[in-house]
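A.B. asks: Protein chains in written order, with this note's numbering: chain A, 1 to 336; chain B, 337 to 717.
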Amino acid sequence: MRKVSSASKNADRVFRVATGVAASSPVVFLVVIALIVLVQAIPSMKFNGWHFIYGIQWNMGNLYGALEHKNGVTAAAGASYAALPFIVGTLASSIIAILIAIPISMFTALILAYRVRGVLQWILSILVELLAGIPSVVIGLWGIITLAPWVRDNLAVWLSHLGPVVPYLRGPVGTGLGLLSSGLVLAIMIVPIITATTRDLLMQVPILYREGGIGLGMTTWEVVRYICMPFIRDGFVGALALGWGRAMGETMAVLMVSGSAMNLLPHNLYSPISTMAAVIADQLDSALTDASQMAVHALAELALILMVLTLLTNFLARWLVTRTGRRRSTKAGVAA
Amino acid sequence: MMKQSGKWIAVSVTAAGLIASLAGCGTGAGNNTSGSGTAGNASGNATGTSASGAVTLNETGSSLLYPLFNNQWIAAYQSVDPSVKLTAASTGSGTGISQAIAGTVQIGASDAYMSDAQIAQSPNMLNIPLAISAQQIMYNLPGVKGHLKLTGDVLGQIYLGKITYWDDAAIKALNPGVSLPHKPIVPVRRTDGSGDTFLFTQFLSDTNKTWGSSSGPNYGTSISWPAVASEVGAKGNDGVVSQLANTPYSIGYVGISWLDKATQKGLGYAALQNKSGNFVLPTQANIQAAASTMVSQVPASERISLIYSPGANSYPIINFEYAIVNKQQSGATAAALKKFLNWAISPSGGDSSQYMTPVHFLPLPASVAPKSQAQINQIGS
Numbered sequence: 001m002r003k004v005s006s007a008s009k010n011a012d013r014v015f016r017v018a019t020g021v022a023a024s025s026p027v028v029f030l031v032v033i034a035l036i037v038l039v040q041a042i043p044s045m046k047f048n049g050w051h052f053i054y055g056i057q058w059n060m061g062n063l064y065g066a067l068e069h070k071n072g073v074t075a076a077a078g079a080s081y082a083a084l085p086f087i088v089g090t091l092a093s094s095i096i097a098i099l100i101a102i103p104i105s106m107f108t109a110l111i112l113a114y115r116v117r118g119v120l121q122w123i124l125s126i127l128v129e130l131l132a133g134i135p136s137v138v139i140g141l142w143g144i145i146t147l148a149p150w151v152r153d154n155l156a157v158w159l160s161h162l163g164p165v166v167p168y169l170r171g172p173v174g175t176g177l178g179l180l181s182s183g184l185v186l187a188i189m190i191v192p193i194i195t196a197t198t199r200d201l202l203m204q205v206p207i208l209y210r211e212g213g214i215g216l217g218m219t220t221w222e223v224v225r226y227i228c229m230p231f232i233r234d235g236f237v238g239a240l241a242l243g244w245g246r247a248m249g250e251t252m253a254v255l256m257v258s259g260s261a262m263n264l265l266p267h268n269l270y271s272p273i274s275t276m277a278a279v280i281a282d283q284l285d286s287a288l289t290d291a292s293q294m295a296v297h298a299l300a301e302l303a304l305i306l307m308v309l310t311l312l313t314n315f316l317a318r319w320l321v322t323r324t325g326r327r328r329s330t331k332a333g334v335a336a
Numbered sequence: 337m338m339k340q341s342g343k344w345i346a347v348s349v350t351a352a353g354l355i356a357s358l359a360g361c362g363t364g365a366g367n368n369t370s371g372s373g374t375a376g377n378a379s380g381n382a383t384g385t386s387a388s389g390a391v392t393l394n395e396t397g398s399s400l401l402y403p404l405f406n407n408q409w410i411a412a413y414q415s416v417d418p419s420v421k422l423t424a425a426s427t428g429s430g431t432g433i434s435q436a437i438a439g440t441v442q443i444g445a446s447d448a449y450m451s452d453a454q455i456a457q458s459p460n461m462l463n464i465p466l467a468i469s470a471q472q473i474m475y476n477l478p479g480v481k482g483h484l485k486l487t488g489d490v491l492g493q494i495y496l497g498k499i500t501y502w503d504d505a506a507i508k509a510l511n512p513g514v515s516l517p518h519k520p521i522v523p524v525r526r527t528d529g530s531g532d533t534f535l536f537t538q539f540l541s542d543t544n545k546t547w548g549s550s551s552g553p554n555y556g557t558s559i560s561w562p563a564v565a566s567e568v569g570a571k572g573n574d575g576v577v578s579q580l581a582n583t584p585y586s587i588g589y590v591g592i593s594w595l596d597k598a599t600q601k602g603l604g605y606a607a608l609q610n611k612s613g614n615f616v617l618p619t620q621a622n623i624q625a626a627a628s629t630m631v632s633q634v635p636a637s638e639r640i641s642l643i644y645s646p647g648a649n650s651y652p653i654i655n656f657e658y659a660i661v662n663k664q665q666s667g668a669t670a671a672a673l674k675k676f677l678n679w680a681i682s683p684s685g686g687d688s689s690q691y692m693t694p695v696h697f698l699p700l701p702a703s704v705a706p707k708s709q710a711q712i713n714q715i716g717s
C-alpha cells in the first residue's frame, strides 16, 4: 500500500472544501436571493393582499403627504399597488417573441446543421452567436430609432388591415412603442439562443437515422419532420423554455420600446405596455424616495412574481416534454 | 440592504478621503473671489497642505441640472480647485435624492425638494438651492408656427385623457386663428423618478381640480399616471425630447436646459397661463419675475415650491435646482464640498451668467443666497 503523504492529504482536504464551496454556491445564491426578495415582499403582501395580482392601479401614493397605516404596515397616503398590467405585459410580449422565434430559429438551425458546410457554416454560426452577444441596450436603441417608426408607419398599418378578421390587430396603431415592438425586439434577442441550442441538438441526430430516411426515399423535409424533429423534441422544448425565461426577464431593451404604460391593460397589439422587469428598473429610484419604504416592498413583490412565473414556465415546458414523450412511446408500443 | 451597502461605500469613500492627506484646495484658493462673505471660511480649513492626493466629489441625479453641471461646471471648477475631482451623472432626481441619502454620492442633484416624511427619517440631509430653473411644455405639431397658448387646466385634461384631439374646443378657444389638426394627442411623460415630473404635476395639481383633489394623481417625482391609451413614457429629458421629435402630434414637459436642443429638432413650446391669467413664455425676464415674488417666502430649510406664483409676468413653472447633501461629512470631503458649493452659488463663480445663459438658468436671488450659504456652513459640523 502506498503511503499517503500529509501534503497530498492536505491537498485533498483543500480540494474537498473548494469543490464543496463552489458547487454549493449556485444553490446558496438562489436560496439567499429568493429569501431576500420574499422577506422584502412581505410588507407589500400584507398591505395589498391578493389585489396585487388582479388589480390595475399602481399608485405609490402622495410621497409628499402624510403616512398611513393599514394592516400593521406603513405606506404613503393613498398608496395602492396592483400589478396585473405588468404581468399581462410580460406574458404577452414574451409569448409574441416566442411565436416569432420558433420558426425563425428552427429553420436557421436546420440550415446551419445540415445545409452549409465548412467555412460558411463556421461564419454563419459565429454571426448567430454574435447576435446573441449584442448588449440589450444597443438593441433597445435600434428599437427606438429604427424599429418603432417602421412599425408605426408600415408594419402596424399593414397588420391593422387584418383588424376585421382578428380584433386584436385593429387600430389605432399608436406611436410604434408598445406590445408589437417589444415582442419583435425580444424575438431578436432570443432567436440566437434558441438557434444555437437547436443547431447543436440537430447535429446530435445520428447520421445513420438520416441516411436511413433518405434511403427509404424520404424528401429532405420528411427527414426533418419525421426523424430529426422527434429526436430533438425534448431538447427543443428546453431551448424554448430557456428563450422564454430570457424574454420575460429582459429589461433594458423592453424598457426602451414598450411605451412604459401604467394603469392600463393592452387593448390591441400596438398598445403601450410595461413588463415587470422594466417597471422594477424604472420605478426603483423613485421608490427609494418613499419614506415608508412600501414602494420598494411592492417592487420586491413584483420581482417575486417574476421569479415564480419564470419557474412556472420552466416547469410547464418540462411537463410538456414528459407528457408528449409518454404519449408517443405508448402510441409506438401499440403500433408495434 | 441598500442603506447598509450605501454606508459601507460612504465609509470607504471617507477613508479614501482621509488617506488623501487633507489635500483640500491649496493653489486654487486665491481664485475663489466669491462676492459673498462666508465663502472664504470653507476653504480655510484645508489650505496649507501640499496637494498631491485628490478629493473626489460625485454628483448624480437631475437630468435638468446635468447639462450645467457636466458641460460647464466641471470644466470650470478644474481651474478653481485642481485637487478636487468632480464627476456627474444624469440619472433623474429620484436617484439623486436616494443616492445622497444612501451616501453613495456626495451631491444628489434634484429639481424636487425632499418630503417632510423623508426629512424626518434623514434629518441630516440638506436641500441647498444652487440656481433657478424652469420647465416648458413642448409639442410636435407639424404646420403650426409660433407658440400655442395653453393652461394648466387644459394640460391636466390632456393627461387625464379627457382632451384627446388637438382640435378640441378647449384648445381652439385658447388659440383663435391657429389651424389645429384633427389628430389624436400623444402625451409623453417621464418614466424614471423625475424632478420634471414633480414640477409638472405640481403645476397640474395647482391648476386642474381633478388632478389636485385628494383622490387625484397629485404630485411627486413619480406618480400613478391616469390611464391614457395613446400616452408613452420616456426616460430622462433627453428621452422625452427625442420621443417628441420622433412622434408627430405629441406633447410633453421638458426642463429648460434642454430648450435649445429641442427647438433645433423642430419642437415648439407653449405660452402658459399664469395665476394672473396672462400667457407667458419661459423668458429670462418672466422667470425672474416669478422668482422675485417668491423670494420673501423662502424658509431657512429652503424646501419650497415656486410653482404658479402670483405676478402679472410670472412664468408658472419655475423651481430651485437643489443639491441634496448629507451634513455629516469627514474633514477633507466636507471642506471640498463646502468650497465647491460656495463656488457654485457665487455670482462670480458657478452662478455667473457665462454658465447660466447657455442653459437658460437664473442665478440664486441675492436674498436667497445667504440662506443657501447658511446651510452649506452646516456641512461637516
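C-beta: ideal position from N, C-alpha, C; glycine also.
1. Are Asn-610(B) and Pro-584(B) closer than 9 Å when you measure CB to CB?
2. Leu-401(B) and Ile-681(B) look like a contact to me (Cβ under 8 Å); what is the Cβ gap, rounded to whole Å?
3. Output the distance between the C-alpha atoms of Asn-381(B) and Ala-671(B), rounded to the nearest integer angstrom.
4. DSSP on Val-321(A), reduced to helix/strand/coil?
5. Looking only at its chain, what residues have a beta carbon closer than 7 Å to the beta carbon of Leu-284(A), apart from the 5 residues adjacent to it on each side?
6. DSSP three-state label for Phe-315(A), please.
7. Here's the rule: buried if 16 or more other CB atoms are within 10 angstroms of the residue's CB, otherwise exposed. What is Gly-602(B)?
8. Evaluate contact between the region 552–563 of chain B and the region 659–668 of chain B, counting only Cβ atoms and requiring at least three cross-stretch pairs below 8 Å.
9. Shorter than 9 Å from the beta carbon of Val-564(B) to some beta carbon of chain A?
10. Residues of chain A with CB under 9 Å from Tyr-555(B), in chain order?
11. How would you call Ser-379(B), buried or exposed, if buried means at least 16 neighbouring beta carbons within 10 angstroms?
12. Kindly give me the distance between the Cβ atoms of Ala-506(B) and Ile-499(B), rounded to whole angstroms, as I take these residues to be in contact under 8 Å.
13. How long is the line joining the alpha carbons of Gly-176(A) and Val-564(B), rounded to whole angstroms?
14. Looking at the C-beta of Trp-58(A), does it have a partner C-beta in chain B at a distance below 9 Å?
15. Using a Cβ-Cβ cut-off of less than 8 Å, list which residues of the region 451–476 of chain B approach chain D; keep chain order.
16. How should Ser-426(B) be labelled, buried or exposed, when 16 other C-beta atoms within 10 angstroms of its C-beta is the threshold for buried?
17. Please identify, using Cβ separations under 7 Å, the residues of the region 260–274 of chain A that lie next to chain B, in order along the chain.
18. Have a look at Val-257(A) and Ala-187(A) and give me their C-alpha separation to the nearest angstrom.
19. Give the DSSP-derived three-state secondary structure of Lys-519(B) in the structure shown.
20. Hey, Ala-156(A) and Val-173(A): beta-carbon distance below 9 Å or not?
21. How is the beta strand (DSSP E) around Gly-588(B) delimited, first residue to last?
22. When you compare the CB of Ile-145(A) with every CB in chain B, is at least one pair closer than 9 Å?
23. Starting from Pro-85(A), trace the beta strand (DSSP E) in both directions and tell me its first and last residue.
24. Are the CB atoms of Ile-473(B) and Leu-698(B) within a distance shorter than 9 Å?
25. Compute the beta-carbon to beta-carbon distance between Asn-655(B) and Leu-535(B), rounded to the nearest angstrom, for a pair I have assumed lies under 8 Å.
26. Counting only C-beta atoms, is Asn-662(B) closer than 9 Å to chain A at any point?
27. Pull up the CB-CB distance for Tyr-475(B) and Gly-569(B), whole angstroms please, since I reckon it's below 8 Å.
28. Which residue comes first and which comes last in the alpha helix (DSSP H) that contains His-51(A)?
29. Select from Pro-523(B), Ala-607(B), Trp-547(B), Ala-470(B) the residue whose C-alpha is nearest the C-alpha of Gly-482(B).
30. Over the uninterrupted beta strand (DSSP E) stretch that includes Ala-739(B), give me the two end residues.
31. In angstroms, rounded to a whole number, what distance separates the CA positions of Pro-694(B) and Ser-399(B)?
32. In chain order, what residues of the same chain have a beta carbon less than 7 Å from the beta carbon of Leu-288(A), not counting five sequence neighbours either side?
33. Buried or exposed for Thr-619(B), going by 16 or more other Cβ atoms inside 10 Å?
34. Are the beta-carbon atoms belonging to Glu-567(B) and Ala-261(A) less than 9 Å from one another?
35. What is the residue span of the beta strand (DSSP E) that Ser-336(B) lies within?
36. Measuring alpha carbon to alpha carbon, tell me which of Leu-38(A), Ala-23(A), Val-31(A) ends up nearest Glu-301(A).
C.D. replies: In this structure, then:
1. Numbered from 1 along the second sequence, position 274 holds the residue referred to as residue 610(B). Numbered from 1 along the second sequence, position 248 holds the residue referred to as residue 584(B). Contact: no.
2. Sequence index remark: in the second sequence, residue 401(B) carries index 65 (1-based). Sequence index remark: in the second sequence, residue 681(B) carries index 345 (1-based). Incorrect: roughly 13 Å between the Cβ atoms, too far for contact.
3. For this step, residue 381(B) is matched to residue 45 along the second sequence. For this step, residue 671(B) is matched to residue 335 along the second sequence. Any reading at Asn-381(B) needs caution, since the residue's pLDDT is 38, under 50, leaving its predicted position unreliable; the model's value is listed next. When rounded, the distance between both Cα atoms is 6 Å.
4. Numbered from its first residue, the first sequence carries residue 321(A) at position 321. Val-321(A): helix per DSSP, three-state reduction.
5. As a first step, residue 284(A) is located in the first sequence; it is residue number 284 there, counting from the start. Answer for Leu-284(A): Leu-299, listed in chain order.
6. In the first sequence, counting from the first residue as 1, residue 315(A) sits at position 315. Note: Phe-315(A) maps to helix in three-state DSSP.
7. The residue labelled residue 602(B) in the question sits at position 266 within the second sequence. Answer is exposed; the Cβ neighbour count stays below 16.
8. no
9. Looking up residue 564(B) in the second sequence gives position 228. Yes, Val-564(B) lies at the interface with chain A (some Cβ there is under 9 Å from its Cβ).
10. Locating residue 555(B) in the second sequence gives position 219, counting from the first residue. Chain A residues near Tyr-555(B): Asn-62, Leu-63, Tyr-64.
11. As a working note, residue 379(B) is residue 43 in the second sequence. Here Ser-379(B) scores only 37 on pLDDT, less than 50, and its place in the model is too uncertain to base an answer on.
12. Reading the second sequence from its first residue, position 170 is the one you call residue 506(B). Reading the second sequence from its first residue, position 163 is the one you call residue 499(B). Contact flag correct, Cβ pair sits at about 6 Å.
13. On the first sequence, position 176 is the one that residue 176(A) refers to. On the second sequence, position 228 is the one that residue 564(B) refers to. So the two alpha carbons sit approximately 16 Å from each other.
14. Residue mapping note: residue 58(A) aligns to position 58 of the first sequence, counting from 1. Answer yes: the Cβ-Cβ gap between Trp-58(A) and chain B drops below 9 Å somewhere.
15. Of the protein chains in the structure, A and B, none is chain D.
16. Here residue 426(B) is taken as the residue at index 90 of the second sequence, counted from 1. It is buried - the Cβ of Ser-426(B) has at least 16 other Cβ atoms within 10 Å.
17. Ser-260, Met-262, Asn-263, Leu-264, His-267, Ser-271, Pro-272
18. Within the first sequence, the letter at position 257 stands for residue 257(A). Within the first sequence, the letter at position 187 stands for residue 187(A). Val-257(A) and Ala-187(A): Cα-Cα distance of roughly 13 Å.
19. Here residue 519(B) corresponds to residue number 183 of the second sequence, with the count starting at 1. In the structure shown, Lys-519(B) sits in coil (DSSP, three-state: anything other than H, G, I, E or B).
20. Within the first sequence, residue 156(A) is the residue found at index 156, counting from 1. Within the first sequence, residue 173(A) is the residue found at index 173, counting from 1. A contact, by the Cβ cut-off of 9 Å.
21. Taking the second sequence and counting its residues from 1, the one referred to as residue 588(B) is at position 252. Start and end: 586–591.
22. Taking the first residue of the first sequence as position 1, residue 145(A) is located at position 145. Yes, because at least one Cβ of chain B sits closer than 9 Å to the Cβ of Ile-145(A).
23. Position 85 of the first sequence, counting from 1, holds the residue named residue 85(A). Unbroken run through Pro-85(A) is the alpha helix (DSSP H), 84–110; no beta strand (DSSP E).
24. The residue you call residue 698(B) lines up with position 362 of the second sequence. The residue you call residue 473(B) lines up with position 137 of the second sequence. No, the pair does not count as a contact, with Cβ atoms beyond the cut-off.
25. Start at 1 with the first residue of the second sequence, and residue 655(B) comes out as number 319. Start at 1 with the first residue of the second sequence, and residue 535(B) comes out as number 199. About 5 Å separates the two Cβ atoms, so the contact holds.
26. Here residue 662(B) corresponds to residue number 326 of the second sequence, with the count starting at 1. No, Asn-662(B) lies away from the interface with chain A (no Cβ there is under 9 Å from its Cβ).
27. Numbered from its first residue, the second sequence carries residue 475(B) at position 139. Numbered from its first residue, the second sequence carries residue 569(B) at position 233. In fact, because the Cβ distance is near 17 Å, the residues do not count as touching under 8 Å.
28. In the first sequence, residue 51(A) corresponds to position 51, counting from 1. Unbroken alpha helix (DSSP H) run through His-51(A): 51–54.
29. Against the second sequence, residue 482(B) aligns to sequence position 146. Ranking Pro-523(B), Ala-607(B), Trp-547(B), Ala-470(B) by Cα distance to Gly-482(B) puts Ala-607(B) first.
30. What the structure shows of chain B is the stretch from 337 to 717, and residue 739(B) is not part of that stretch, so it cannot be assessed.
31. Residue 694(B) sits at position 358 when you count from the first residue of the second sequence. Residue 399(B) sits at position 63 when you count from the first residue of the second sequence. The alpha-carbon atoms of Pro-694(B) and Ser-399(B) are separated by roughly 15 Å.
32. Position 288 of the first sequence, counted from the first residue, corresponds to residue 288(A). Same-chain partners within the cutoff: Val-296.
33. Numbered from 1 along the second sequence, position 283 holds the residue referred to as residue 619(B). Exposed, by the Cβ-count rule.
34. Numbered from its first residue, the second sequence carries residue 567(B) at position 231. Numbered from its first residue, the first sequence carries residue 261(A) at position 261. Closer than 9 Å, so yes.
35. The requested residue 336(B) does not occur in the structure, where chain B is confined to residues 337 to 717.
36. If you number the first sequence from 1, residue 301(A) lands on position 301. The option with the nearest alpha carbon to Glu-301(A) is Leu-38(A).
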